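Student: Residue numbers (the numbering used here), protein chains in the order written: chain A, 251 to 362; chain B, 1047 to 1158. Glycine included, each C-beta is placed from N, C-alpha and C at the ideal position. Computed from a prediction, not measured in an experiment: that's the story for all the values here. First the structure, which I've put down as structure tokens, then a few questions once you've had a look.
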């Protein structure tokens, strides 16, 4: 079945710098890739997603890129701010499936 | 305001005492799901529902029951809770199959 690996498990960046979190998936049939942000003690929030017919998607300071050949997708956060500190989860879904396959999460720390 | 609500938010109970965690969404979403979140294990799906009276098992359904008698409600039932069900529980809903757009605020359950 599908497997999603997420790296790094912890990422510490200086405020204002960029952060990149990478996920790889195993099943080439996967076609939907969402990213969730979970602040400490809060619920997961869907922040951005991408489908396999698109190579890149942007929303203000966040962007997601997808490389279908290499089977990996990445979350890019530019001009990081203290409120970006959170755990970020990637996930993958097979077309028609009801279940997401989740990555293990990346704890992003923004240093002042 | 579009939202998913859960009750109770916190619950401490004893082994074997039946309990129900309620989940309600006001967005007329067809798809609803229950997850549990444990340190080091990420988000694991318990059950999901595709519509009224249609439910299916997720990755960790043992010890849990669900029902979907109305579109807006998806309660999680623990008939005989055990300490290994101590966890943080999230309800989620979506109008799209294969993703979870909104999560509830979470229910922290402790079984002693």
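(1) Look up residue 332 (chain A) in the DSSP assignment and say whether it is helix, strand or coil.
(2) Provide the residue span of the beta strand (DSSP E) that contains residue 255 (chain A), from first to last.
(3) Hey, is the stretch 1088-1100 of chain B in contact with the stretch 342-355 of chain A, meaning 3+ C-beta pairs nearer than 8 Å?
(4) Could you tell me the distance, in whole angstroms, from the CA atom of residue 1137 (chain B) to the CA atom of residue 340 (chain A)?
(5) Quick check on DSSP: helix, strand or coil for residue 303 (chain A)?
(6) Against chain B, which members of the stretch 325-358 of chain A pass a CB distance test of less than 9 Å?
(7) Could you give the distance in angstroms between the alpha-carbon of residue 1134 (chain B) and the alpha-carbon of residue 300 (chain A)?
(8) Would you check if there are 3 or more beta carbon pairs closer than 8 Å linking the stretch 251-263 of chain A to the stretch 1116-1135 of chain B?
(9) With a Cβ-Cβ cutoff of 8 Å, do residue 270 (chain A) and residue 324 (chain A) count as a contact?
(10) Would you mind stating whether residue 1054 (chain B) and residue 1145 (chain B) have Cβ atoms separated by less than 8 Å?
(11) Tell me, please, whether the CB atom of residue 1143 (chain B) is closer than 8 Å to any CB atom in chain A?
(12) With 16 as the cutoff for other CB atoms within 10 Å, does residue 1086 (chain B) come out buried or exposed?
(13) Indicate whether the contact test is met: 3 or more Cβ pairs, each with one atom in the stretch 299-313 of chain A and one in the stretch 1050-1070 of chain B, closer than 8 Å.
Tutor: From the atom records:
(1) Working through the first chain from its first residue, we reach residue 332 (chain A) at position 82. Correct three-state label for residue 332 (chain A): helix.
(2) To locate residue 255 (chain A), count along the first chain from 1; it is residue 5. Element bounds for residue 255 (chain A): 254-257.
(3) yes
(4) The count along the second chain starts at 1 and reaches residue 1137 (chain B) at position 91. The count along the first chain starts at 1 and reaches residue 340 (chain A) at position 90. Near 18 Å, if we compare the C-alpha coordinates of residue 340 (chain A) and residue 1137 (chain B).
(5) Walking along the first chain from the start, residue 303 (chain A) turns up at place 53. DSSP places residue 303 (chain A) in coil when its eight states are reduced to three.
(6) 339, 341, 343, 344, 345, 346, 347, 348, 349, 350, 352, 353, 354 and 355
(7) The residue labelled residue 1134 (chain B) in the question sits at position 88 within the second chain. The residue labelled residue 300 (chain A) in the question sits at position 50 within the first chain. Straight-line Cα distance between these residues: approximately 28 Å.
(8) no
(9) Counting from one through the first chain, the residue named residue 270 (chain A) turns up at place 20. Counting from one through the first chain, the residue named residue 324 (chain A) turns up at place 74. Closer than 8 Å, so yes.
(10) Within the second chain, residue 1054 (chain B) is the residue found at index 8, counting from 1. Within the second chain, residue 1145 (chain B) is the residue found at index 99, counting from 1. Against a cut-off of 8 Å, the Cβ pair of residue 1145 (chain B) and residue 1054 (chain B) comes out as no contact.
(11) Position 97 of the second chain, counted from the start, is the residue given in the question as residue 1143 (chain B). By this cut-off, residue 1143 (chain B) is an interface position.
(12) Along the second chain, one-based indexing puts residue 1086 (chain B) at 40. Under this definition residue 1086 (chain B) is an exposed residue.
(13) no
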